[in-house]
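Residue numbers (our numbering): 732 to 1013.
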């Protein structure tokens, strides 16, 4: 109906949020967007569900099933051109499996065909916006300046500054001084680091302002749960990634936001309790 807005600009949105007429807002977007919503809603006592940035890690243990881990983590990193809220953006691999894993990961990544998504041969299309592709280019350039090694270097038509077309990239010799390992990428780039033990992997996974999902790759369920208990994340996966289960709560920690979606908890967040205290007249 013409009396109900369907699309509003920022000024209109801020005014509506501060009006006191809204009970709850769900928002998926940037950390900056989430902070702007909190500021606009300050003092209204409305509830917020904020799913913001992410930098989802994976840890591959030495007993992991190699082929399974490689295939699923490549897909988890590059599905939808890396534009998934719970996509894999950084991988930590135990030193005993590192060389084999990296070799397989690179080989699998090189199978992608980047191009027009309307063409049958294409297996990876462009990013949603050119400015996001340029952010990935900047992260890659910074990492290379600081000593990272790029392994794909795929030639893709129209892969240039200002274009949404971007080849997938795998980086090694990376560290947490590089933005590609700490700041959200949301595109087809992933860094792989060698670790010596679980303690180092956990510390690195937690060295991020975000916490949406994390995945552990091992045949040892008890060990996976023990590691997952110590990782600062909303969801812990074992031997899978980049997946939603409607029965499980979808939530995050730290700058990833607050609130929840999916599951009974997500439903509760969209409702409020109300008590009925009834007594028959005597």
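Backbone N, C-alpha and C define an ideal beta-carbon position, used for all residues, glycine too.
Host alpha helix (DSSP H) of residue i (start-end)
i           : result
residue 871 : 861-876
residue 808 : 797-809
residue 837 : 829-840
residue 955 : 952-961
residue 746 : 741-748
C-alpha distance - residue i paired with residue j, whole-angstrom precision
i            : j            : result
residue 902  : residue 842  : 17 Å
residue 906  : residue 831  : 20 Å
residue 795  : residue 1006 : 51 Å
residue 784  : residue 987  : 5 Å
residue 1010 : residue 735  : 41 Å
residue 997  : residue 754  : 15 Å
residue 1002 : residue 756  : 12 Å
residue 908  : residue 866  : 17 Å
residue 970  : residue 827  : 18 Å
residue 873  : residue 813  : 19 Å
residue 761  : residue 1013 : 58 Å
residue 913  : residue 733  : 45 Å
residue 1000 : residue 883  : 44 Å
residue 741  : residue 945  : 33 Å
residue 767  : residue 773  : 10 Å
residue 928  : residue 747  : 50 Å
residue 949  : residue 752  : 49 Å
residue 777  : residue 743  : 17 Å
residue 1004 : residue 775  : 19 Å
residue 847  : residue 956  : 41 Å
residue 926  : residue 934  : 10 Å
Supposed close pair residue i, residue j - CB separation, criterion 8 Å
i           : j           : result
residue 825 : residue 801 : Their Cβ separation, rounded to whole angstroms, is 14 Å, which puts residue 825 and residue 801 out of contact at 8 Å.
residue 845 : residue 887 : 5 Å
residue 855 : residue 899 : 7 Å
residue 942 : residue 963 : 5 Å
residue 782 : residue 759 : 5 Å
residue 921 : residue 819 : 6 Å
residue 809 : residue 919 : 5 Å
residue 911 : residue 870 : 4 Å
residue 821 : residue 788 : 5 Å
residue 879 : residue 904 : 5 Å
Residues bridged to residue i (per DSSP)
i           : result
residue 925 : 824
residue 992 : 981
residue 900 : 920
residue 758 : 781
residue 788 : 821
residue 880 : 903
residue 845 : 855
Of the listed residues the options, nearest to residue i (C-alpha basis)
i           : options                : result
residue 930 : 913, 916, 922 and 960  : 960
residue 749 : 948, 874, 766 and 770  : 770
residue 975 : 814, 933 and 994       : 994
residue 835 : 863, 853, 1008 and 803 : 803
residue 968 : 924, 852 and 817       : 817
residue 989 : 779, 948 and 877       : 779
residue 984 : 965, 860, 862 and 848  : 965
residue 924 : 893, 955 and 823       : 823
residue 893 : 858, 885 and 881       : 858
residue 862 : 917, 811, 977 and 821  : 917
residue 885 : 875, 840, 928 and 773  : 840
residue 973 : 807, 743 and 991       : 807
residue 797 : 947, 992 and 979       : 947
Unbroken beta strand (DSSP E) run spanning residue i, endpoints
i            : result
residue 1014 : Within the shown structure, residues of the chain are numbered from 732 to 1013, placing residue 1014 beyond reach of any answer.
residue 945  : 944-948
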